[in-house]
Each structure stands twice: as structure tokens, then as C-alpha cells.
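Every number in our numbering is 11 more than the matching position in the sequence shown, counting from 1. The C-beta atom is built at its ideal place from N, Cα and C for all residues, glycine as well. Data block below; observations after.
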Amino acid sequence: MESQNIVSAKFWTSYLVENLNSFRRAVEVLSKVAFIGWSIWRMRNDAIFQSTLPNPAVALKRAQFGWKEFNSQLSFRNRQFLPPSLNHPVLCWRRPPTSLVKANCDAAFDE
């Protein structure tokens with residue numbers, strides 16, 4: 012894919028998943044991309060809020076370490092990333108009975 016053809020992250024991600032050989036490989040590549048993105052975001056925040064100088068090599072090392080740790084935990088637990096089976100029933104939201112009162116709440120704290 013030529014770089015001028017990439018018009019959005021959504022398009023690039025879809026292209027990437029469609030052109031990888033397997034679902035497992037797609038998960039591997041996209042998780043690496045997520046760790047790199049998080050590492051760049053973290054380095055940016057450190058530069059803005061703690062006045063540190065950005066270092067791309069450190070950002071990539073941090074992403075590599077994070078991904079290796081993530082991947083080792085998946086291997087350790089022997090989990091597999093597989094698409095959901097069509098043999099399992101699909102769970103859907105159901106309206107609660109009228110006799111039930113449900114309250115949702117969110118909270119935020121400011122130091």
C-alpha cells in the first residue's frame with residue numbers, strides 16, 4: 012500500500028487486517044501498533060507535563076518491553092485469540108423486569 016493511499020487510521024487498520032494471513036497474525040500486529048501508539052502518547056505527556064525531552068528510541072524500547080510482557084502473559088495463560096465460534100449462542104441485552112429499579116452512576120475525583 013502506498014503511503015498516499017492511507018486516508019485514515021480506520022482505513023489502514025481494515026486494510027492491515029484483511030491482508031494479513033491469519034487472525035492470530037492480525038492480533039499480533041495490531042497489539043504491537045497499540046503498544047507503540049501508547050508509548051508515543053506517554054512520551055508526549057511526559058514532555059508536556061514533566062518537561063522531559065522526547066526520545067523516540069526510548070519510546071520504542073518501552074513499547075517493545077510492554078508488548079513482550081503482554082505476549083508472555085498470553086502465552087503463560089495459554090490463551091488463544093480466535094474469532095468467536097458460531098456454535099455458541101449470541102448473548103443479547105434484555106430489558107429488566109418493570110419491578111426492578113436500576114441506577115447507574117459515575118464518579119470523578121480531582122486532587
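- Minimum Cα-Cα distance from Ala20 among the listed residues Phe34, Gly48, Ser33 corresponds to Gly48.
- For Thr24, the secondary structure class from DSSP, reduced to helix, strand or coil, is helix.
- Distance from the CA atom of Trp23 to the CA atom of Asn30, rounded to whole angstroms, is 11 Å.
- For Ala45 and Trp52, the gap between their C-alpha atoms comes out near 10 Å.
- With fewer than 16 other beta carbons inside 10 angstroms of its own, Ser62 counts as exposed.
- Counted as a single uninterrupted DSSP element, the alpha helix (DSSP H) harbouring Arg36 occupies residues 34–61.
- Counting only residues of its own chain and dropping the five nearest sequence neighbours on each side, Lys79 has no CB closer than 6 Å to any other CB.
- Listed in chain order, the non-local C-beta contacts of Ser50 below 8 Å within the same chain comprise Ala70, Leu71, Arg73, Ala74, Gly77, local neighbours out to five positions each way being set aside.
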